[in-house]
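Structure below.
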C-alpha cells in the first residue's frame, strides 16, 4: 500500500497535521491530526509498504513487540483507508 | 488519527497559541492588490482598478510563489489571499494554483462580483478551504449605495450562486455601516437561504495609507454597534469574561508572534490596518522580514497609563494600530473605542 499524494504532513510545535492539497480539498476540507506513531507510519507510506514492513519499522523504532506493532499498524491503516488517504 | 470538524476553531486557537510561543509565522495574509472594482466609502485600502501607480508596484506571480515557499519553510500553514479585490488581477490563477499544491489551508476574500462560471470552475478544480464573500446589503439599492457601482448587487448574487452550485466552501461576511445597518436581518436571511455561515463586522478602521476617508459617515454609533454585538453570545462571553486587551503585551492579537501581512508591494506589516514596519520581503527575504516584524512588535509601546487606569479597559479593544491610525502615535486612547467600551460596560454589567 502507498499513501495518496494529495495530502501533505505539516508540523506545528508537537502537532502533526495532514493537510489536503489541490482537488482533495473538496473531499477533505480541514486538518487531520496524527500522533507520533501515525506520523511515522505516514512517512513510511511514501513508498509502497506491506503491513509487515510497517510493523517491523514500528517495532524497531518504538520498542514494542512485533505482535503489538502489527495490531497498531492494522488499526491505523484501516483508518487511513476509511478516510480515503491511501491509493 | 482524528479529523477535525466540530472542534476546529478550538484546535486552530491552540495551534496559534503554540505558534506564538515559538514565534512561528503560522498565519499569513497576502494582500495581492490594493485595487478594487468597488468604491466603498468605508474601505481601508481600496484603489481604483485602473490605478497605474498601484499596478506597477504589484508583485508578479513568481515573486508571490517564492515568498510563499520561504514562508512555508518558516512554518506558515494558514494563508489568506485578499485585496483589494483579488479577481481584478489577470494573473490571479498563476499565483493561486501553485499555492494550492503547497500544503497551506487557503482562504480567499472576495466581493464575488467578478466570479463568473469560468472562474468558479477553475476554483472548483483546486478549491480553497474557504471563500469569504463580502456582503454590503440585501437589495440592489442598499448594496450599491455602499459599493457605488451600478450592477454590482446582481453580479455578487450571480457570483455567490456560481460558487455554491459547485459546492465550494463559502461564507458570507457583512460589513455593517450606517447605510446598511437596517438590513442586517435580511442579509442573515440571504445566508440561510443558501445554507451558508454568516458573520457581520461593524468596527471600521481608517485608511492605513493616509488617503482621505469617509469613515465618520459610515461608522455605527456605539449604542447601535453594541446592540448588534450583544446578539452574538460568543462576543458577549468574551467581553464578560475579562475582555481581550492584555495589560502586559502591546498587540493582544498574534501579530508579529504568529501572524503577519504582506501588502501588494511585498512589504511585511503587523496587520492590514497598520502599515509598519514595512519590511520588504522581495529584497531581504521572508526570514529577515519576519525578524524585523518581531522586533517591531516587541519594541512597540504597551498600554498607556491613561488606558491602564481606565475603568472600562476590560471592555476596550485598544491596540497600537488603533492608536496610530486615529492619533498618529502608537499609544493612547481612541475616542471611538472609548465610547464603545463605555457602551459595553453599560450593557453587559446591567446583564449580570
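Protein chains in written order, with my numbering: chain D, 8 to 94; chain U, 28 to 379. The beta-carbon is built from N, C-alpha and C at its ideal position, and this holds for glycine as well. Since the structure is predicted, the reported quantities are computational estimates derived from the model, not experimental observations.
Contact test: residue 231 (chain U) Cβ vs the ligand COA heavy atom, cutoff 7 Å: For the structure depicted, the ligand COA is absent and the ligand set is empty, with no information on it obtainable.
At a cut of 8 Å, does the segment 10-19 of chain D reach the segment 112-126 of chain U through at least three beta carbon pairs? The segment 10-19 of chain D makes no contact with the segment 112-126 of chain U; the number of CB pairs closer than 8 Å stays below 3.
Under 8 Å by beta carbon: chain D residues contacting residue 46 (chain U): Sequence index remark: in the second chain, residue 46 (chain U) carries index 19 (1-based). Chain D residues near residue 46 (chain U): 19 and 20.
Secondary structure of residue 267 (chain U), DSSP reduced to three states: As a first step, residue 267 (chain U) is located in the second chain; it is residue number 240 there, counting from the start. DSSP places residue 267 (chain U) in helix when its eight states are reduced to three.
Within its chain, find whatever has a CB closer than 7 Å to the CB of residue 46 (chain D); leave out the 5 residues flanking it on each side and keep chain order. Counted from its first residue, the first chain places residue 46 (chain D) at position 39. The beta carbon of residue 46 (chain D) sits closer than 7 Å to those of 16 and 23, all from its chain and outside the five residues before and after it, given in chain order.
Inter-residue Cα distance where the pair is residue 62 (chain U) and residue 291 (chain U): Counting from one through the second chain, the residue named residue 62 (chain U) turns up at place 35. Counting from one through the second chain, the residue named residue 291 (chain U) turns up at place 264. Across the structure, residue 62 (chain U) and residue 291 (chain U) are spaced so that their CA atoms are roughly 9 Å apart.
Taking the alpha-carbon positions, what's the residue 32 (chain D) to residue 107 (chain U) distance? Numbered from its first residue, the first chain carries residue 32 (chain D) at position 25. Numbered from its first residue, the second chain carries residue 107 (chain U) at position 80. Between the alpha carbons of residue 32 (chain D) and residue 107 (chain U) lies a gap of roughly 16 Å.
Using the C-alpha atoms, what's the distance from residue 35 (chain D) back to residue 353 (chain U)? Mapped onto the second chain, residue 353 (chain U) falls at position 326. Mapped onto the first chain, residue 35 (chain D) falls at position 28. Roughly 43 Å separates the two Cα atoms.
Just to check my reading of the structure: residue 201 (chain U) and residue 190 (chain U) have Cβ atoms closer than 8 Å, yes? What is that Cβ distance to the nearest angstrom? Stepping through the second chain from its first residue, residue 201 (chain U) is reached at position 174. Stepping through the second chain from its first residue, residue 190 (chain U) is reached at position 163. With a Cβ gap of about 17 Å, residue 201 (chain U) and residue 190 (chain U) do not count as contacting.
Among all the DSSP beta bridges, which residues are the ones paired with residue 304 (chain U)? As a first step, residue 304 (chain U) is located in the second chain; it is residue number 277 there, counting from the start. U:296.
Neighbouring residues, chain U, relative to residue 28 (chain D) (Cβ below 9 Å): In the first chain, the residue the question calls residue 28 (chain D) occupies position 21. For the C-beta of residue 28 (chain D), the chain U residues within less than 9 Å are, from N- to C-terminus, 127, 128, 129, 130, 131 and 153.
Would you say residue 284 (chain U) and residue 324 (chain U) are within 8 Å of each other, going by their C-beta atoms? Numbered from 1 along the second chain, position 257 holds the residue referred to as residue 284 (chain U). Numbered from 1 along the second chain, position 297 holds the residue referred to as residue 324 (chain U). Note that the C-beta distance between residue 284 (chain U) and residue 324 (chain U) is below 8 Å.
If you reduce the DSSP assignment to three classes, tell me which class residue 161 (chain U) lands in. In the second chain, counting from the first residue as 1, residue 161 (chain U) sits at position 134. It is a strand residue.
Exposed or buried, what is residue 327 (chain U) when buried is set at 16 or more other beta-carbons lying within 10 Å of its beta-carbon? Numbered from its first residue, the second chain carries residue 327 (chain U) at position 300. It counts as buried.
Would you please verify whether the beta carbon of residue 281 (chain U) is less than 8 Å from any beta carbon of chain D? Taking the second chain and counting its residues from 1, one reaches residue 281 (chain U) at position 254. Residue 281 (chain U) does not count as touching chain D.
When you compare only the Cα positions, how much space is there between residue 129 (chain U) and residue 251 (chain U)? On the second chain, position 102 is the one that residue 129 (chain U) refers to. On the second chain, position 224 is the one that residue 251 (chain U) refers to. Their backbone Cα atoms lie some 43 Å apart in a straight line.
Please report whether the beta-carbon of residue 51 (chain U) lies at a distance below 8 Å from any beta-carbon of chain D. Numbered from 1 along the second chain, position 24 holds the residue referred to as residue 51 (chain U). The C-beta of residue 51 (chain U) comes closer than 8 Å to at least one C-beta of chain D.
Tell me the start and end of each unbroken alpha helix (DSSP H) in the segment 40-125 of chain U that is at least 4 residues and wholly inside, in chain order. Listed in chain order, they are 79-82 and 88-101.
Within chain D, partners of residue 104 (chain U) - CB distance below 9 Å: The residue you call residue 104 (chain U) lines up with position 77 of the second chain. Those are 17, 19, 24, 26 and 38, listed as they occur along chain D.
Compare the C-beta of residue 42 (chain U) against all C-beta atoms of chain D and say whether one is closer than 8 Å. Counting from one through the second chain, the residue named residue 42 (chain U) turns up at place 15. With 8 Å as the cut-off, residue 42 (chain U) counts as an interface residue toward chain D.
Confirm, please, whether the CB-CB distance from residue 215 (chain U) to residue 19 (chain D) is below 8 Å. For the purposes of this step, residue 19 (chain D) is taken as residue 12 along the first chain, with counting starting at 1. For the purposes of this step, residue 215 (chain U) is taken as residue 188 along the second chain, with counting starting at 1. No, these two residues do not count as a Cβ contact at 8 Å.
Does the beta-carbon distance from residue 204 (chain U) to residue 29 (chain D) come in below 8 Å? Indexing the second chain from 1 puts residue 204 (chain U) at position 177. Indexing the first chain from 1 puts residue 29 (chain D) at position 22. Cβ atoms of residue 204 (chain U) and residue 29 (chain D): not closer than 8 Å.
Measuring straight from C-alpha to C-alpha, what distance separates residue 92 (chain D) and residue 49 (chain D)? Counting from 1 along the first chain, the entry for residue 92 (chain D) is found at position 85. Counting from 1 along the first chain, the entry for residue 49 (chain D) is found at position 42. Take the alpha-carbon of residue 92 (chain D) and the one of residue 49 (chain D): they are about 10 Å apart.
Considering only residues of the segment 322-362 of chain U, which uninterrupted beta strand (DSSP E) runs meet the minimum length of 3 residues and lie entirely inside it, listed in chain order? Runs of the beta strand (DSSP E) inside the segment 322-362 of chain U: none found.
State the CB to CB distance for the pair residue 160 (chain U) and residue 138 (chain U), rounded to an integer number of angstroms; the pair is presumed to be in contact (CB under 8 Å). As a working mapping, residue 160 (chain U) is identified with position 133 in the second chain. As a working mapping, residue 138 (chain U) is identified with position 111 in the second chain. The beta-carbon separation of residue 160 (chain U) and residue 138 (chain U), rounded to 7 Å, stays under the 8 Å limit for a contact.
Roughly how many angstroms separate the alpha carbons of residue 197 (chain U) and residue 146 (chain U), rounded to a whole number? If you number the second chain from 1, residue 197 (chain U) lands on position 170. If you number the second chain from 1, residue 146 (chain U) lands on position 119. Approximately 15 Å, taken between the alpha carbons.
Just checking: is the beta-carbon of residue 35 (chain U) within a distance shorter than 8 Å of some beta-carbon in chain D? The residue given as residue 35 (chain U) occupies position 8 in the second chain. Chain D, which has a Cβ nearer than 8 Å to the Cβ of residue 35 (chain U), makes this yes.
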